[in-house]
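Protein chains in written order, with the working numbering: chain L, 1 to 365; chain G, 366 to 887.
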């Protein structure tokens, strides 16, 4: 079992046992058990400037077993916790949907819809400060793919991200169960589109830059983000994000860096605050004379929104947002193909890396 | 030689009261096919109960309605009681003469008042079917009389046909009326509802009813107590009208108007009688027989100008809260009953009346009897208002009645009642020797402010109890639900918590007791 998994495994079991113990004590004292659950409402999501990601504020809600309206919810939360405990102990995983169906047979009754059971899982995640994957529960979707000089072990299986076919290794939702064995790469380059991902593999960018190439498939899945976080923390690799030159590309990068608001309760497990954005910027569009599209109304609105977002409150972002609004144009990563397919690997990325590597102490050329 | 006048006056004849009512059957309640049938039942049953009470007999009454020849609007109505029976010689007058009877001149609080009821039935049967009414009666002498009665409408006299006598140990009276142009329905206006209401207001009466389709319903008596006999009471001047005075004048033994007033009326001394005569400008010494309509009118007006003691309330005979409660329980089988008999009050400055109110909730309360309305009024679910005057059901003319008015003036939501949905029967009975009916049909009470206010007060008093009951019921339901919820989920919480902590399951009993005991937590 990988170290990170072990750590989470223990923390999960301890948290679940602690939850049980607290309730038992209350019951023995004939005190109605009350659960303090951190509030996930928008007025309790705050940007942590020091850590550079969203976290939950100090507000919490009370679930009391003495309340007629809440006692069922408390019972359901405990059923969910017991279900999670079994999963963690047996090393199995279940999807959120599977859990929703499993609840059909629970004593505390089925859920009305999956939204209800998902909310209870979020309650547990927020209460324990553990992500659902640590509780044996996974989202439906896989993460994206990684290609490069990294060997891993998942159970009895050895994995080589260089020898998993042309598409690379698909990051599973259970990425925390995967142990990193050996990594020759010195950095991670994550790209927004799978088109660019395959371009970099074909151009052997992994070799040229000593990099793990990660395809994000648009907005990064939790598994992908968790992989990036681990690569950054456990392997000490700097993470570079290459996205489209539009507000949505900016934000795909930013969610990886600073986490999303609706996952504020778990961002400490997912956010990679040191990741650097090396995607297409408004300056790039001008400097490289890239083929562009006109900004749509939606893009303009989104850019204005981003300008006010605390995560973008840096000189770099404020400049690039303003500039994109000024030029009124946007460009995709793949626009560099204007100068030939290999241009992005031969010219653009080396320039970009040179730009950022000077600013970070992590990784060396 | 005949003069012109002779010729002209040859056509002159006295129009009898029966002739008058034959032309104005609606005034007696014979209007509409359903109502006519209910009126026949009403007249028969009312007479029977009055007769039993007058002689201290527990009334046992049966009513049967049968179709005749399978014709849709042709019925035979058979009504039988166990009262004293009618002496043979009175049969023609009782059944064949209008305004004859034992009630009008006595000012007793009885159901019937005017002495036209049962002869009205005979008349209605006669003019719609052409058939006489068959009467079988026995005074318990071991001999019964059967006779067919018709009314000579010109002469206001009963005519008897096919009279026969036979040996019979039974006592009572059986009346068989055959009528056409009537319809049977189990609606609010039909005989079934009428009898059901009668049973509620007269818990001492045992009622059996056979419907045309053969359905037999028995309304058992809910008490063995026979109401006190009504005491004859002289009329009080505040309640009389000119024709009352004229009727009294015809019957009195007094030799002067002054004597008539002081002997035949309540609370009138010789001095008051003389004072009234002076005020009315009617000679106190005038012979009663010579009293004219104008004189009578002047006297009635003059009475309003003198001070009089209010009529005594001793003659009022309410049902009594306890008996009413029995009646409502027996017929409606409700979850909650509250009955109230208010102390006597007066209206028009002195006419005594008593209001009784009953509220029944749940069980069969509130639901109108099966069947559709006759189309005059939409049958509603929810609260059912049943009105009575001297225990006699008021079925028709609900809209213009003081009782309806009083019930409508109440904000039922304040008592937790949704009038449109609650299974609630509201019973109101006005007892008085002087019930101010709005018309001769005696189906609604005039809007005397004192009666409306008193009725409203009584309803609110009963409704307060209902509110308490409903509140307690909601609380009890909530408590039970609450306890149920905790009983279901607390053991699960304990079991799962124990499983998580890896310890044995704790006992939840004391916690359960604490949280479901009604103490609110968070």
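Backbone N, C-alpha and C define an ideal beta-carbon position, used for all residues, glycine too.
Per DSSP, cross-strand counterpart(s) of residue 211 of chain L
As a first step, residue 211 of chain L must be located in the first chain, where it is residue number 211. The bridge partners DSSP lists for residue 211 of chain L are L:187.
Check whether the segment 249–259 of chain L and the segment 308–327 of chain L are in contact - that is, three or more C-beta pairs closer than 8 Å.
As far as the Cβ criterion goes, the segment 249–259 of chain L touches the segment 308–327 of chain L, which means the pair count is three or higher.
Closer than 9 Å to chain L by CB, residue 847 of chain G:
Numbered from 1 along the second chain, position 482 holds the residue referred to as residue 847 of chain G. Taking Cβ atoms only, chain L reaches closer than 9 Å to residue 847 of chain G, which makes this a yes.
Taking DSSP as the reference, what is the three-state secondary structure of residue 343 of chain G?
The question about residue 343 of chain G has no answer here: the residues shown for chain G are numbered 366 through 887.
For residue 506 of chain G, three-class secondary structure by DSSP
Walking along the second chain from the start, residue 506 of chain G turns up at place 141. Correct three-state label for residue 506 of chain G: coil.
Integer Cβ distance of residue 549 of chain G from residue 760 of chain G, believed to fall under 8 Å
The sequence position of residue 549 of chain G within the second chain is 184, counting from 1. The sequence position of residue 760 of chain G within the second chain is 395, counting from 1. Between residue 760 of chain G and residue 549 of chain G the Cβ distance is about 15 Å, and since that is not below 8 Å, they are no contact.
Per-residue contacts from residue 33 of chain L into chain G (C-beta, under 8 Å):
Taking the first residue of the first chain as position 1, residue 33 of chain L is located at position 33. What residue 33 of chain L touches in chain G, judged by beta-carbon distance under 8 Å, is 858 and 862, going in chain order.
Answer yes or no: do residue 410 of chain G and residue 444 of chain G have a C-beta to C-beta separation smaller than 9 Å?
Start at 1 with the first residue of the second chain, and residue 410 of chain G comes out as number 45. Start at 1 with the first residue of the second chain, and residue 444 of chain G comes out as number 79. The Cβ-Cβ distance between residue 410 of chain G and residue 444 of chain G falls below 9 Å.
In this structure, what does DSSP give as the bridge partners for residue 718 of chain G?
Mapped onto the second chain, residue 718 of chain G falls at position 353. G:710.
Where residue 346 of chain L falls: helix, strand or coil (DSSP)
Your numbering for residue 346 of chain L matches position 346 in the first chain. When DSSP states are grouped into helix, strand and coil, residue 346 of chain L belongs to the helix group.
Using a Cβ-Cβ cut-off of 7 Å (strictly less than) and excluding sequence neighbours within five positions of residue 816 of chain G, which residues of its own chain qualify?
Taking the second chain and counting its residues from 1, the one referred to as residue 816 of chain G is at position 451. Answer for residue 816 of chain G: 712, 718, 767, 795 and 810, listed in chain order.
Proximal chain L residues relative to residue 875 of chain G, where beta-carbon distance stays under 7 Å:
The residue labelled residue 875 of chain G in the question sits at position 510 within the second chain. By Cβ distance, chain L contributes 30.
Using a Cβ cut-off of 7 Å, which residues of the segment 583–606 of chain G contact any Cβ in chain L, in chain order?
For the segment 583–606 of chain G, the set of positions with a beta-carbon nearer than 7 Å to some beta-carbon of chain L is empty.
Rounded separation between residue 214 of chain L and residue 297 of chain L - CA only:
Here residue 214 of chain L refers to the residue found at position 214 when the first chain is read from its first residue. Here residue 297 of chain L refers to the residue found at position 297 when the first chain is read from its first residue. Residue 297 of chain L has its alpha-carbon roughly 31 Å from the corresponding atom of residue 214 of chain L.
Candidates G:617, G:851 and G:581: which alpha carbon is nearest residue 874 of chain G's?
Against the second chain, residue 874 of chain G aligns to sequence position 509. For the residues G:617, G:851 and G:581, the minimum Cα distance to residue 874 of chain G belongs to G:851.
Report yes if the C-beta distance between residue 446 of chain G and residue 590 of chain G is below 9 Å; otherwise report no.
For the purposes of this step, residue 446 of chain G is identified with residue 81 of the second chain, where counting begins at 1. For the purposes of this step, residue 590 of chain G is identified with residue 225 of the second chain, where counting begins at 1. Going by C-beta atoms, residue 446 of chain G is not nearer than 9 Å to residue 590 of chain G.
Counting only C-beta atoms, is residue 105 of chain L closer than 9 Å to chain G at any point?
Sequence index remark: in the first chain, residue 105 of chain L carries index 105 (1-based). Output row for residue 105 of chain L: interface = no.
Once DSSP output is grouped into helix, strand and coil, what is the label at residue 235 of chain L?
Taking the first chain and counting its residues from 1, the one referred to as residue 235 of chain L is at position 235. If DSSP states are grouped into helix, strand and coil, residue 235 of chain L belongs with coil.
Should residue 223 of chain L and residue 173 of chain L be called a contact, given that it needs their Cβ atoms to be closer than 9 Å?
As a first step, residue 223 of chain L is located in the first chain; it is residue number 223 there, counting from the start. As a first step, residue 173 of chain L is located in the first chain; it is residue number 173 there, counting from the start. Taking C-beta atoms as the reference points, residue 223 of chain L and residue 173 of chain L count as a pair closer than 9 Å.
The segment 166–180 of chain L touching the segment 138–153 of chain L, judged by at least three CB pairs closer than 8 Å
Contact between the segment 166–180 of chain L and the segment 138–153 of chain L is present, because at least three Cβ pairs lie under 8 Å.
Smallest Cα separation from residue 350 of chain L: which of L:210, L:141, L:123 and L:94?
Taking the first residue of the first chain as position 1, residue 350 of chain L is located at position 350. From the listed residues L:210, L:141, L:123 and L:94, the smallest Cα separation to residue 350 of chain L is found for L:210.
Could you tell me whether the Cβ of residue 871 of chain G comes closer than 9 Å to any Cβ of chain L?
The residue you call residue 871 of chain G lines up with position 506 of the second chain. Closer than 9 Å: yes.
So, at 6 Å on beta carbons, what are the nonlocal neighbours of residue 636 of chain G in its own chain, with the 5 sequence-adjacent residues on each side left out?
Counting from 1 along the second chain, the entry for residue 636 of chain G is found at position 271. No residues qualify anywhere along the chain.
Using a beta-carbon distance cut-off of less than 8 Å, what residues from the segment 134–150 of chain L approach chain G?
Correct list: empty, as no residue qualifies.
With 9 Å set as the bound, which would you pick, yes or no: does the beta-carbon of residue 879 of chain G sit closer than that to a beta-carbon of chain L?
Taking the first residue of the second chain as position 1, residue 879 of chain G is located at position 514. Taking Cβ atoms only, chain L reaches closer than 9 Å to residue 879 of chain G, which makes this a yes.
Looking at the unbroken alpha helix (DSSP H) that takes in residue 616 of chain G, where does it start and where does it end?
Here residue 616 of chain G is taken as the residue at index 251 of the second chain, counted from 1. Where residue 616 of chain G is concerned, the enclosing alpha helix (DSSP H) starts and stops at 607–616.
Would residue 724 of chain G pass as a contact of residue 625 of chain G if the rule is Cβ separation under 9 Å?
In the second chain, the residue the question calls residue 724 of chain G occupies position 359. In the second chain, the residue the question calls residue 625 of chain G occupies position 260. No, the pair does not count as a contact, with Cβ atoms beyond the cut-off.
Under the DSSP definition of a beta bridge, which residues are partnered with residue 439 of chain G?
For the purposes of this step, residue 439 of chain G is taken as residue 74 along the second chain, with counting starting at 1. Looking at the DSSP assignment, residue 439 of chain G forms a beta bridge with G:545.
Along the beta strand (DSSP E) that carries residue 529 of chain G, what are the first and last residues, could you check?
Position 164 of the second chain, counted from the start, is the residue given in the question as residue 529 of chain G. Secondary structure note for residue 529 of chain G: its beta strand (DSSP E) is the uninterrupted segment 522–532.
Smallest Cα separation from residue 200 of chain L: which of L:45, L:155, L:47 and L:337?
In the first chain, the residue the question calls residue 200 of chain L occupies position 200. Restricting attention to L:45, L:155, L:47 and L:337, the CA atom closest to the CA of residue 200 of chain L is found in L:337.
For residue 427 of chain G, the three-state DSSP class (helix, strand or coil):
On the second chain, position 62 is the one that residue 427 of chain G refers to. The three-state secondary structure of residue 427 of chain G, taken from DSSP, is strand.
Is residue 354 of chain L helix, strand or coil when you go by DSSP?
Counting from 1 along the first chain, the entry for residue 354 of chain L is found at position 354. In this structure, residue 354 of chain L counts as helix in the three-state DSSP scheme.
Out of curiosity, what's the CA-to-CA distance linking residue 729 of chain G and residue 582 of chain G?
Working through the second chain from its first residue, we reach residue 729 of chain G at position 364. Working through the second chain from its first residue, we reach residue 582 of chain G at position 217. Approximately 15 Å, taken between the alpha carbons.
C-beta contact flag for residue 179 of chain L and residue 163 of chain L at 9 Å
Taking the first residue of the first chain as 1, we reach residue 179 of chain L at position 179. Taking the first residue of the first chain as 1, we reach residue 163 of chain L at position 163. Residue 163 of chain L is positioned such that its CB atom lies no closer than 9 Å to that of residue 179 of chain L.
If you count every other CB in all the chains shown that lies within 10 Å of the CB of residue 552 of chain G, and 16 or more means buried, which is it?
The sequence position of residue 552 of chain G within the second chain is 187, counting from 1. Counting the other CB atoms within 10 Å of its CB gives residue 552 of chain G a total of 16 or more, which places it among the buried residues.
Flag this pair as yes or no: are the beta carbons of residue 322 of chain L and residue 293 of chain L separated by less than 9 Å?
The residue you call residue 322 of chain L lines up with position 322 of the first chain. The residue you call residue 293 of chain L lines up with position 293 of the first chain. No, Cβ-Cβ distance for residue 322 of chain L and residue 293 of chain L is not below 9 Å.
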